[in-house]
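Visitor: Sending over a structure as structure tokens; questions will come in a sec.
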Amino acid sequence: MGSSSSRLDRVPGAKDLMEETGFSETNILCLYDRFEVLDREERGYLRLEDFEAIQQLAVNPIGDRIIGAFVFPGRETLDFPSFVRVLAHFRPTDTTWSRSGSQPEPANSRTRKLRFAFSLYDQDGDGKISRAELTEMLQAMLGMQVTDEQLQSIVGRAIQEADLDRDGAISFDEFKKSVEKVDIDHKMSTRFLR
Amino acid sequence: AGTKCVTSVLVLLLFCNPGNCEIQESKPAASTVVPGVKPYHNEANEPQAFPDPEQGSLPVFTMDYPRIQVPFEFTLWVLLASFAKIGFHIYHKITIWIPESCLLIAIGLIVGAIMHSVKEEPPAVLSSNVFFLYMLPPIVLDNGYFMPTRPFFENIGTVLWYAVVGTLWNSIGIGISLFTICQFEVFGLQDINLQENLMFASIISAVDPVAALNVFEDIGVNEQMYIVIFGEGLFNDAVTVVLYSMFTFMADMPTVESSDVFLGVARFFVVGVGGVLFGLLFGFVAAFTTRFTHNVRQIEPLFVFMYSYLAYLVAELFAISSILIIVCAITMKYYVEENVSQRSCTTIRHVVKVLATISETLIFFFLGVITITTEHEWNWAYILFTLLFAFIWRGLGILVLTQIINPFRTIHFNFKDQFGLAYGGLRGAICFALAFTLPDNINRKNLFVTASIAIIIFTVFIQGISIRPIVEYINIRRTNKDMNTINVEIHTRVMEHLICGVEDLCGQWSHYYWKDKFKKFNDRVLRRILLRDNRAQSSIVSLYKKLELQNAIDLLDTPMGDLSAAPSIISLHDEKKEASRPKKKFLAKDVRKMHDILSKNMYKIRQKTLAYTNKYNLPDESQNREILIRRHASIRRSLRPGSCRELPSQNIPRSQKYFSLQPGGDLESAFVLRRRSHGGSSDVDRLSARLQMSGVSPRSSSRSLIPLKRLNTIEETRSTQNQPATSPSPVVDVVDEMDLGAFGGSSLRGRKGPVPAPRRHSSNRVKDDEEEDGRVPPRGWTPEEDDNRGNPLLRFPSQRSGGPGGS
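Read top to bottom, the protein sequences are chains A and B.
Start counting the first sequence at 1; every next residue gets the next number (the UniProt record's numbering).
Start counting the second sequence at 1; every next residue gets the next number (the UniProt record's numbering).
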């Protein structure tokens, strides 16, 4: 892209963001364009309504949770660096990063991705997925033909499987353990953000 | 039993079906095999049933078959094919393994065999004019009308690339290869020159991906693949027809010079661009006309058909092409569907599908019949090489084309996708029709016909039936289900939804610039002109509006008691009980059952459910219903206070709830019923009275009904009588033809409509909301509503079974 360096100047703090998140220049620019499109009133930050106006998110079963994970509770707005930082979770994992390095863990490491997913369940932020939270999540995702009895037994079974310390809730480590066989990199990365 | 019934009906019909049926000419049949009765013509041309010796007496019973013969036989053919279709669908399993085209051809073959054995001639119906003027337009209109526009435009480059360049590649490749084969003396094919080969090749390049789509839909193919297959299938029909006419013209010419080739290319562009322009023109005119049809609703569908047919005929006039109708249909659809009433919309869709199905069915049918009954010229070499080359060139073509286009796409096609694309290239109806209607001055016409029939039958039967096992085989990446724990299954699905949501958040980058520009142009110019009722609606609001209306009408069709459509009221009761259930041991079979439940009931992520699955069916609206059901469920849950989390930044006025009345009902009767049903004062009754609008006792929650809820939207411009701008006003949206006098035509207004998150209500706010509404009742809404709302909501079961912590 010819004039990319000057275009990059449009984006505040682009270089630092690139360092921090590992996005390429193209990505940052694309994300900035997208940010501007979403930010219809050109305020420089995004608010909840801007997210809610995205039609496809509206019909996503967990759309509201996703939005909640972007716009952190307690804060009303989302500026561009935060936007990018959250999206950085969804980059495909870098194979070159080594765990024992001195750098802070990148956003798209397996653990960080899992933490993001965990936060979708754990709405009250207590670090555990309670039975109620799991039930709610499942309810959002299931169709109408599941009776409550079935739902409860599924939730019960899920907790039984994962809850190793028998406290009736799933902590982050238990969560991590329960999905250890899943290819998180594949499941939680999006091709757009390569 | 079904097939026996079908076959016996077939045989019966066949024997009642006398010989030469000619739609073109209306000559009465010379020799009829109608058992028993012979039409007998006297001088006045009044046929009589019995050779009546006395001239003057009044015949008691007459039968004039030749008069009705032509339409009668046409109807019988169509009816026959339709019976066959009914028969197929009785056995669901058949249609899974065998594509519908196979079955139609098979029936045609059977009928042809029967006819051949009784030495009947097949009806000489399929002439060039009949095909191009009557049979092809519905197919093309159908293709255009049901093209999924958003994915299409997002992938338009790829689709056109495969359709146009791919077809060209195939035609020229196959044509030249066959020509080289013809050069060998041993095959005895030397009289076929290059033009004829090219012409034949262009005929057999048109692929018809219906069977492939069926298979992929079940396995789950991503949207990109889907739209490429679908779009390619549509557009290469058009390209084929263009090439065909070009090559037939050239085949007539004794010599072809290079200038002719150049002219051919130029013509191709003229045809293409001209087609698109004409299509747009007619589309806009049709859209504009429907702007004024709100008083003549009954004939609204007529406009769509007449305009598209007119467009088609104009295209034939200028020998442009049927690409035109696709563009016309796409343009038309977008605006027309906003202008016409819901019923007209449904009518149009149904009729388009019906016409297209008739056309295609008849063509396949004839294929089967004619296979048996015409004389074939079979040349092993030519036919085998045709098959071989068709296969090779398609595979190569897909490979090469994909390599070239992949870098330009955000989502690349991997080898599995490419294999699916290549192998799924079955030939279809158009191929046969074009071959059959070749002008007679082409020598070796019979050979071409035979070869095309051979390739169609081969691809449809062999490839069509085998594609499913092969795709399933190469797609097995799934781990054994039993090894997945419930946790994994849930979490992976959550992650899939999450990624889907994030990708939606990121949007499609590459085309955004043009899309945005077009959208601005559309909003500012086009919509103002072409739409009757152009209010700036938030897309979400309009989406939900459409969904609700659609659901309302759909529910009329489903038999009462359809549980799946209604939020289950019973579950409210049971949740309380469930809270105290002790943990129990889960047997293995329970776990398996859970897996089953999960896999069947979890919402599929957006990309995997495709609205337009099967060319023979109407678009599948089940995803819409899922969305609606979810909305209703979450609204229902939100009506219980104390069960929700609050996000302090949420504002009630931004909420949206739904207001829908059962269509066809009028307000008075609805209220009578409500009063009657509002028996007990228990909470569940309260809820069900609110939610149910039929004369059913509130306890039988299994009735499927539209919950009666309020549709609140924020108004941009407030009408004077209402509250200050921040509070929501109840706005009722009613379809025009729902003749509810009390509700005027007030329609939705919305700001950038935020998605309702009713679960974020707190009890206080719900109360406020309702009270506000109470103050401004919608017109015609009786005060009854006032009394019954408000506080009872607070009497709801306040706890859901999920207490904190474990149970």
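Every residue, glycine too, gets a C-beta built ideally from N, C-alpha and C.
#1: Does any C-beta atom of chain B lie closer than 8 Å to the C-beta of T190 of chain A?
#2: What's the gap between the Cα of M332 of chain B and the Cα of G275 of chain B?
#3: Quick check on this structure: which residue in B:I181, B:N414 and B:L58 has the alpha carbon closest to the alpha carbon of L384 of chain B?
#4: Between which two residues does the alpha helix (DSSP H) containing R47 of chain A stretch?
#5: Mark N155 of chain B as exposed unless 16 or more other C-beta atoms lie within 10 angstroms of its C-beta, in which case mark it buried.
#6: With DSSP as the reference, label D79 of chain A as helix, strand or coil.
#7: Answer yes or no: does any C-beta atom of chain A fall closer than 8 Å to that of R765 of chain B?
#8: Under 8 Å by Cβ, that's how I've got N339 of chain B and T374 of chain B pegged, so tell me the actual separation to the nearest angstrom.
#9: Counting Cβ pairs, one atom from each stretch, are 3 or more of them under 8 Å apart for the stretch 179 to 186 of chain A and the stretch 486 to 493 of chain B?
#10: Nearest-angstrom Cα distance between I299 of chain B and F146 of chain B?
#11: Quick check: is the beta carbon of C500 of chain B nearer than 8 Å to any beta carbon in chain A?
#12: Distance, Cα to Cα, L421 of chain B vs I203 of chain B?
#13: Keeping to the same chain, check which residues put their C-beta closer than 8 Å to that of N60 of chain A; ignore five residues upstream and five downstream.
#14: By a C-beta neighbour count over all protein chains shown, 10 Å radius and 16 as the cutoff for buried, is G156 of chain A buried or exposed?
#15: Measuring only the C-alpha atoms, how far is P730 of chain B from A58 of chain A?
#16: Could you tell me whether the Cβ atoms of I358 of chain B and T158 of chain B are closer together than 8 Å?
#17: Name the chain B residues that come within less than 8 Å of V179 of chain A, Cβ to Cβ?
#18: For I98 of chain B, which three-state DSSP category applies?
#19: Note down, in chain order, every chain B residue with its Cβ under 8 Å from the Cβ of V11 of chain A.
#20: Near S571 of chain B, what residues of its chain come up, given a Cβ to Cβ distance below 8 Å and the 5 sequence neighbours on each side ignored?
#21: Secondary structure at V207 of chain B, three-state DSSP: helix, strand or coil?
#22: Does any residue of chain B bring its CB to less than 8 Å from the CB of R43 of chain A?
#23: Taking Cβ positions only, does E185 of chain B come closer than 8 Å to chain A?
#24: Check whether the stretch 349 to 369 of chain B and the stretch 73 to 84 of chain B touch, using three or more Cβ-Cβ pairs below 8 Å as the test.
#25: Using the rule of at least 16 other Cβ atoms within 10 Å of the residue's Cβ for burial, across every protein chain shown, is L164 of chain B buried or exposed?
#26: Under three-state DSSP, which class holds W509 of chain B?
#27: At 7 Å on the CB atoms, spell out the chain A contacts of M495 of chain B, in chain order.
#28: Can you tell me the Cβ-Cβ gap for F389 of chain B and I174 of chain B, rounded? I've got them flagged as a contact below 8 Å.
#29: Measuring only between beta-carbons, confirm whether G127 of chain A sits less than 8 Å from chain B.
#30: For P61 of chain A, would you say it is in contact with chain B, using Cβ-to-Cβ distances shorter than 8 Å as the test?
#31: Helix, strand or coil, according to DSSP, for I62 of chain A in the structure here?
#32: Can you give the beta carbon distance from S189 of chain A to F90 of chain A, rounded, assuming they're within the 8 Å contact cut?
#33: Locate the alpha helix (DSSP H) running through S466 of chain B, then write down its first and last residues.
#34: In angstroms, rounded to a whole number, what distance separates the CA positions of F51 of chain A and A315 of chain B?
#35: Going along chain A in order, which residues have a C-beta closer than 8 Å to the C-beta of M594 of chain B?
#36: Give me the Cα-Cα distance between F230 of chain B and R131 of chain A, rounded to the nearest whole angstrom.
Guide: Let me spell this out:
#1: So yes, T190 of chain A belongs to the interface.
#2: 15 Å
#3: B:I181
#4: No alpha helix (DSSP H) contains R47 of chain A, which is instead part of the beta strand (DSSP E) from Y45 to R47.
#5: buried
#6: strand
#7: Note that R765 of chain B has pLDDT 38, beneath the 50 cutoff, so the model's placement of it is unreliable and no number is given.
#8: With a beta-carbon spacing of about 48 Å, N339 of chain B and T374 of chain B fall beyond the 8 Å limit used to define contacts.
#9: yes
#10: One C-alpha to the other measures close to 21 Å.
#11: yes
#12: L421 of chain B and I203 of chain B have their C-alpha atoms roughly 19 Å apart.
#13: I66
#14: So G156 of chain A ends up on the buried side.
#15: Interpretation of P730 of chain B is limited by its pLDDT of 35, a score under 50 that renders its predicted location unreliable; the figure taken from the coordinates is listed afterwards. Approximately 22 Å, taken between the alpha carbons.
#16: no
#17: The contacting residues are N487, V488, H491 and T492.
#18: coil
#19: Within 8 Å Cβ-Cβ: nothing; V11 of chain A doesn't reach chain B, min ~15 Å.
#20: Because the pLDDT at S571 of chain B is just 40, under 50, the model does not fix this residue reliably, and the value given afterwards should be weighed accordingly. Nothing listed; no residue qualifies.
#21: strand
#22: no
#23: no
#24: yes
#25: According to the sequence provided, residue 164 of chain B is Val. The question's Leu does not apply to it. Buried, since its Cβ has 16 or more Cβ neighbours within 10 Å.
#26: Note that W509 of chain B scores 49 on pLDDT, short of 50, meaning its location in the model is unreliable and no value can be drawn from it.
#27: A117, K187 and M188
#28: 5 Å
#29: Not one chain B Cβ lies under 8 Å of G127 of chain A.
#30: Against chain B, the CB of P61 of chain A has a partner CB under 8 Å away; the residue lies at that interface.
#31: coil
#32: 6 Å
#33: G464 to I474
#34: 45 Å
#35: Q150, S153, I154 and R157
#36: 44 Å
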